[in-house]
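Notes follow the structure.
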Amino acid sequence: MFPRIKEKILNKERITSEEGLFLYNSNNLLTVGSLGKLAREVKSGSERSKWVYWNKNLHLNPTNVCIGHCNFCAFAKLPNEKGAYTYTIDESLEKVRKGISGGANEVHIVGGLNPKAALPYYVDLLKAIKKNYPKLHIKAFTAVEIEFFAKLTKLSYEETLKQLMNAGLDSMPGGGAEIFSKSVRDDTCPDKIPAEKWLEIHGTAHKLGLKSNATMLCGIGEEVEDRLDHMIQLREQQDKSGGFQTFIPLHCHYEDTEIAGTVEPITAFDSLKNIAISRIMLDNFDHIKAYWIQLGVGLAQLALSFGANDLDGTVQEESITNAAGAEKRGLEKDFIQGLIKDASYTPVERDTVYNVLEVSNC
Ligand code: V47
């Protein structure tokens, strides 16, 4: 089936879920990877086929208090648990101030589902950030948080998003998607909104003119069929609403999580397949991100030859995967550009919505 899939990629024909399953079931990783790389070249066109995007960004997690129970999460705390925190607006502003001293132009804001941090808290936070840093792009809130804010304030998703946009929301990140399959959600994150709502909220955001991303969290007990179903649901949503920019296959970390020891841990082999197969399946997504925080810089660099064309950013400080044992540092511009160049690609600094800021000479 490899030649047939190659032919379809070259002819820009859509790959079926059966063909995707064949790729997942193959142990011929390098051939799967070469098809991912081919799909990336066909998608980006010759001039940009060597481009790898990165940006200068910082993360802000205003609260870790969360009433959801996800067994893969090491970040969340119950309201009165030791270590639970909710920043004041000033504390968040101080985090942003420190983060942008390295030149960041994007702040990625997500937090727990904290009944005491509802829509007015976030409206005030976004307004304060925009007032102090008008040029900073605010990429904030997963669809799960949007649903939570809407429910607490009894507003529609559209109205909730509009209030946040009026306060300064510029785009949405792709978190909270996990694995769309109901049985995996029931086992791992039973309180989280179902796939249909996650997709509906992104569709609403796209209608309002916001760009967003989409993730898939692997290594939580899902089957490869679940990953394909996840990608196909995203592909269908993208056909309808068109606002997704980037797909990010996430790689579960297990330290201090309830799920540790109950599932087969995700492997490097799996993660590289996720990159390649998502590039092949998601023909209507422009970008595939190798999130170095979770993959580690080595695997993220390798993923560039498997179909990924984005490394995320410098990420000054990250808490969600760090809590579960992932990379605990930010990257410097030179380091990130070096990773890309060593892999024979051209580093391209972008803003959040893929405007090109600088194409680095090799
Ligand atoms: O939604 C939670 C995941 C996500 C763990 O849009 C875990 O550009 C691994 O969505 N091990 C948040 N993953 C991160 C995220 C993201 C990251 C980078 C860029 C973008 C973007 C989005 O992290 C959560 C959840 O799926 N997660 N716990 C864990 N133990």
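Numbering-wise (my numbering), the sequence shown opens with residue 36 and increments by one.
Just so it is clear, CB atoms sit at the ideal spot from N, CA and C, and this is done for glycine as well.
Exercise. Is DSSP giving His237 helix, strand or coil here?
Worked result: Note: His237 maps to helix in three-state DSSP.
For this session: Could you tell me if the beta carbon of Ala109 falls within a distance shorter than 7 Å of some heavy atom in the ligand V47?
Result: At least one heavy atom of the ligand V47 sits closer than 7 Å to the Cβ of Ala109.
Exercise. Would you call Arg364 buried or exposed, if buried means 16 or more other Cβ atoms sit within 10 Å of its Cβ?
Worked result: Arg364 is exposed by the Cβ-count criterion.
Exercise. Is DSSP giving Ser191 helix, strand or coil here?
Worked result: The answer is coil: DSSP assigns Ser191 none of H, G, I, E or B.
For this session: Would you kindly work out how many angstroms separate the C-alpha atoms of Ala359 and Asp264, rounded to a whole number?
Result: Looking at the two C-alpha atoms, the distance is approximately 26 Å.
Exercise. Among Asn90, Lys117, Phe176 and Asp159, which one has its Cα closest to the Cα of Ile371?
Worked result: Considering only alpha carbons, the answer is Asn90.
For this session: In angstroms with no decimal places, state the Cα-to-Cα distance between Ala178 and Asn248.
Result: The alpha-carbon of Ala178 is positioned some 11 Å away from that of Asn248.
Exercise. Roughly how many whole angstroms lie between the Cα atoms of His104 and Glu82?
Worked result: So the alpha carbons of these two residues sit roughly 46 Å apart.
Exercise. Hey, would you say the C-beta of Ile310 is under 7 Å away from at least one heavy atom of the ligand V47?
Worked result: Distances between the C-beta of Ile310 and the heavy atoms of the ligand V47 are all 7 Å or more.
Exercise. Is the CB-CB distance between Leu65 and Ile315 below 8 Å?
Worked result: Not a contact, by the Cβ cut-off of 8 Å.
For this session: Assign Met207 to one of three DSSP states: helix, strand, or coil.
Result: In this structure, DSSP gives Met207 an extended state, which the three-state scheme calls strand.
Exercise. How would you write the range of the beta strand (DSSP E) that Leu154 sits in, first residue to last?
Worked result: Counting along the chain, Leu154 falls outside any beta strand (DSSP E), though it belongs to the alpha helix (DSSP H) covering Leu154 to Asn167.
Problem set entry | N- and C-terminal bounds of the beta strand (DSSP E) containing Thr250 | DSSP places Thr250 in the uninterrupted beta strand (DSSP E) bounded by Lys246 to Cys253.
Exercise. What whole-angstrom Cβ distance do Lys308 and Tyr59 have, given they're in contact under 8 Å?
Worked result: Lys308 to Tyr59, Cβ: 6 Å. Contact.
Exercise. Using the rule of at least 16 other Cβ atoms within 10 Å of the residue's Cβ for burial, across every protein chain shown, is Gly244 buried or exposed?
Worked result: So Gly244 ends up on the exposed side.
Problem set entry | Sequence-distant residues of the same chain with beta carbon closer than 7 Å to Ser313, five excluded per side | Closer than 7 Å at the Cβ level, and outside the excluded window around Ser313, lie Met266, Phe282, Pro284 and Ile323.
Exercise. CB-CB under 7 Å to Asp181, same chain, minus the five flanking residues each way: which ones, in chain order?
Worked result: The displayed chain sequence assigns Ile, not Asp, to residue 181. Around Ile181: Tyr192, Thr195, Leu196 and Ile236.
Exercise. In terms of DSSP beta bridges, what is Phe279 paired with?
Worked result: Beta-bridge pairing links Phe279 to Ser247.
For this session: Identify every run of the alpha helix (DSSP H) within the region 275 to 354, keeping only runs that are complete inside it and at least 4 residues long; order them along the chain.
Result: If only complete runs of 4 or more residues are kept, the region 275 to 354 shows the alpha helix (DSSP H) at 303 to 316, 327 to 330 and 332 to 338, in order along the chain.
For this session: Tell me where the alpha helix (DSSP H) around Arg49 begins and ends.
Result: For Arg49, no alpha helix (DSSP H) run applies, since DSSP gives it neither H nor E.
Exercise. Closer than 8 Å, CB to CB, is Val219 near chain B or not?
Worked result: The structure shown contains no chain B, having only a single protein chain.
For this session: Just tell me which of Gln329, Asn319 and Ala202 has its CA closest to the CA of Thr302.
Result: Selection Gln329, Asn319 and Ala202 evaluated against Thr302 yields Gln329 as nearest (Cα-Cα).
Problem set entry | Residue nearest to Gly56 in terms of C-alpha spacing, selected from Val391, Asp345 and Ala311 | Gly is not the amino acid found at residue 56; the sequence shown has Leu there. With distances taken between Cα atoms, Leu56 lies closest to Ala311.
Exercise. By Cβ distance below 6 Å, which residues in the same chain neighbour Thr188 in space, the five residues on each side in sequence not counted?
Worked result: For Thr188, where only same-chain residues beyond five positions count, the Cβ hits under 6 Å are Leu154.
For this session: Please work out which residues of its chain come closer than 8 Å, Cβ to Cβ, to Lys85, disregarding the five sequence neighbours upstream and downstream, and give them in chain order.
Result: Its chain contains Ser379, Tyr380 and Thr381 as the residues whose beta carbon lies nearer than 8 Å to that of Lys85, once the 5 sequence neighbours on both sides are disregarded; these appear in chain order.
For this session: Using beta-carbon positions only, say whether Ile44 and Val77 come within less than 8 Å of one another.
Result: It is a contact, given that the beta carbons lie within the stated cut-off.
Problem set entry | Coarse secondary structure for Tyr59, derived from DSSP in three states | It is helical.
Problem set entry | Opening and closing residue of the beta strand (DSSP E) in which Arg385 lies | Here the beta strand (DSSP E) through Arg385 covers Thr381 to Arg385.
For this session: Along the alpha helix (DSSP H) that carries Glu76, what are the first and last residues, could you check?
Result: It spans Leu64 to Arg83 - the alpha helix (DSSP H) in which Glu76 sits, taken as one unbroken run.
Exercise. Smallest Cα separation from Asp226: which of Ser79, Cys108 and Ala175?
Worked result: Among Ser79, Cys108 and Ala175, the Cα nearest to that of Asp226 belongs to Cys108.
Exercise. Cα-Cα, which of Gln273, Leu113 and Lys130 is closest to Gly147?
Worked result: The candidate whose alpha carbon is nearest that of Gly147 is Leu113.
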